[in-house]
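**Student:** Provided herewith is a single structure, encoded as structure tokens, for subsequent inquiry.
There are 2 protein chains.
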Amino acid sequence: MNALGRHILAEMYGCDPGSLDDVERVQNIMVDAAVKAGAEVREVAFHKFSPQGVSGVVVISESHLAVHTWPEFGYAAVDVFTCGDKVDPWDAVHIIAGLFKSKQVTASEMKRGVLLDPCAERVAAG
Amino acid sequence: MNALGRHILAEMYGCDPGSLDDVERVQNIMVDAAVKAGAEVREVAFHKFSPQGVSGVVVISESHLAVHTWPEFGYAAVDVFTCGDKVDPWDAVHIIAGLFKSKQVTASEMKRGVLLDPCAERVAAG
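Chains as they are written, first to last, in the working numbering: chain B, 2 to 127; chain H, 2 to 127.
Here it is as structure tokens:
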């Protein structure tokens, strides 16, 4: 199976509410995670909501990282989408979960852009 | 089940390669889709890669839209993540697929931030 990208959707529960509501801290955590995972940061866009919550995205050469926080529930929805072999998206997920002090993380990896060559598939199947 | 958000991951194949490689056009399509679906745009960040491809994100009050394009394969990976009841993420997906002239779309909806109250669940179960 030839996939162009790997996309991890992580649900981070039991996070530190103070961190989740601090837009500068959330941005630093997401950018640091991208850099430490070996990604190249291209664009950054974050927004602080009133009365609480932060949304933001880091566009990287390898795709993107996104976060939406609900401090009132200690919850953050985190996405790490990477293409290529240079960056392991799970590295970024682990870093982010640690810095948010998440007590419970569930995560799924989705393959994105699966390109099959039907003729090759038929040949392989005999 | 009480989910904070709905996240659609759409694989758009057979798209118009010219549109996928034009950063201004891709940005306009994503912003237009957000606005027409009833979302409130907060931040926009797009990047054109060399020799080809565009990545970009629209942060909305209701979460985000993201796109990564591979013009050489006529493929775009599109995400629409919304919270609340005001915006139907499928509206944005349909608009984007139409404007990219995608000939084949597969898409999945994931629930994000499912918060269960264990006591309420037990009471409901008797």
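No residue lacks a Cβ here, since even glycine has one placed at the ideal position from N, Cα and C.
Would you list, in chain order, the members of the stretch 96–116 of chain B that have their beta-carbon closer than 9 Å to a beta-carbon of chain H?
**Tutor:** Ser109, Met111, Arg113, Gly114, Val115 and Leu116
**Student:** Mind listing the chain B neighbours of Val45 of chain H? Cutoff is C-beta to C-beta under 8 Å, in chain order.
**Tutor:** Translated into the one-based positions of the second sequence, residue 45 of chain H becomes position 44. Near Val45 of chain H (Cβ distances below 8 Å), the residues of chain B are Ala46.
**Student:** Are Ala93 of chain B and Glu12 of chain B closer than 8 Å when you measure CB to CB?
**Tutor:** Translated into the one-based positions of the first sequence, residue 93 of chain B becomes position 92. Translated into the one-based positions of the first sequence, residue 12 of chain B becomes position 11. Taking 8 Å as the Cβ cut-off, Ala93 of chain B and Glu12 of chain B do not qualify as a contacting pair.
**Student:** Quick one: what's Glu25 of chain B bridged to in DSSP?
**Tutor:** Taking the first sequence and counting its residues from 1, one reaches residue 25 of chain B at position 24. The partner list for Glu25 of chain B (beta bridge, DSSP) is empty, contrary to what the question assumes.
**Student:** In whole angstroms, what is the alpha-carbon distance linking Asp1 of chain B and Ser51 of chain H?
**Tutor:** The question about residue 1 of chain B has no answer, for chain B in this structure spans 2 to 127.
**Student:** Closer than 8 Å, CB to CB, is Val58 of chain H near chain B or not?
**Tutor:** The residue you call residue 58 of chain H lines up with position 57 of the second sequence. At least one chain B Cβ lies under 8 Å of Val58 of chain H.
**Student:** Three or more C-beta pairs closer than 8 Å, one from the stretch 21–41 of chain H and one from the stretch 88–107 of chain B: is that the case here?
**Tutor:** Because the criterion of three Cβ pairs below 8 Å is not met, the stretch 21–41 of chain H and the stretch 88–107 of chain B do not touch.
**Student:** Answer with yes or no whether the minimum CB distance from Glu41 of chain B to chain H is below 8 Å.
**Tutor:** Within the first sequence, the letter at position 40 stands for residue 41 of chain B. For Glu41 of chain B, the answer is no, since every Cβ of chain H falls outside 8 Å of its Cβ.
**Student:** Quick one: grab the DSSP three-state call for Glu73 of chain B.
**Tutor:** Indexing the first sequence from 1 puts residue 73 of chain B at position 72. Note: Glu73 of chain B maps to helix in three-state DSSP.
**Student:** Closest Cβ-Cβ distance between Glu73 of chain B and chain H: below 8 Å?
**Tutor:** Residue mapping note: residue 73 of chain B aligns to position 72 of the first sequence, counting from 1. Glu73 of chain B does not count as touching chain H.
**Student:** List the endpoints of the continuous beta strand (DSSP E) containing Gly57 of chain B.
**Tutor:** Here residue 57 of chain B refers to the residue found at position 56 of the first sequence. It spans Val55 to Ile61 - the beta strand (DSSP E) in which Gly57 of chain B sits, taken as one unbroken run.
**Student:** Can a CB atom of chain B be found closer than 8 Å to the CB of Glu25 of chain H?
**Tutor:** Start at 1 with the first residue of the second sequence, and residue 25 of chain H comes out as number 24. Output row for Glu25 of chain H: interface = no.
**Student:** Please list, in chain order, the chain H residues whose beta carbon lies closer than 9 Å to that of Ala67 of chain B.
**Tutor:** Along the first sequence, read from residue 1 onward, the residue named residue 67 of chain B stands at position 66. Around Ala67 of chain B, the beta-carbon contacts reaching into chain H at under 9 Å are Val58, Val60, Ser64, His65, Ala67, Asp80 and Phe82.
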